[in-house]
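Note sheet for the following structure.
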Amino acid sequence: MPIERTLVILKPDAVQRGLVGEIISRFEKAGLKIVAMKMIKATPEQIEKFYPSSEEWYRSAGSKLLKAYQELGIDPRSKIGTDDPVLVGKKI
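Residue numbers for the sequence shown follow UniProt numbering, beginning at 1 and rising by one.
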């Protein structure tokens, strides 16, 4: 069976909230092996390359969040101020 590798990127708020250890612990409890780890602060250029910024991408991301909110019975306007998928995608 071939070895699979996965890149995991934690957002800055996970680091600020002190969740890195808990996240790593969950991987290890699931039987996954950490083979390397590196912490960097991404530059705006790196972030721009990683996250697509087309309207189509924003619409897709926003639609997924709106669907989740709908399933949970949450009014998106009360939480994020809009129910427009593109604007929601830009906010997340």
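For every residue, glycine included, the Cβ atom is placed at its ideal position computed from N, Cα and C. Keep in mind it's a predicted model, so treat the numbers as computed, not measured.
Can you look up residue 13 in the DSSP assignment and give me helix, strand or coil? helix
Hey, residue 62 and residue 87 are a contact pair by Cβ (cut 8 Å); roughly how many whole angstroms apart? 7 Å
Cβ-Cβ distance between residue 14 and residue 23 below 8 Å: yes
By how many angstroms is the C-alpha of residue 66 removed from the C-alpha of residue 42? 28 Å
With a threshold of 7 Å (Cβ to nearest heavy atom), would residue 57 be considered close to the ligand MG? Questions concerning the ligand MG fall outside what the structure shown contains, since it holds no ligand whatsoever.
What are the start and end residues of each continuous alpha helix (DSSP H) run of 4 or more residues lying completely inside the UniProt domain "Nucleoside diphosphate kinase-like" (3-89), in chain order? 12-16, 20-29, 44-50, 55-72, 76-80
Assuming residue 20 contacts residue 10 under a Cβ cut-off of 8 Å, what Cβ separation, rounded to an integer in Å, is found between them? 6 Å
How about residue 90 and residue 58: are their beta carbons less than 8 Å apart? yes
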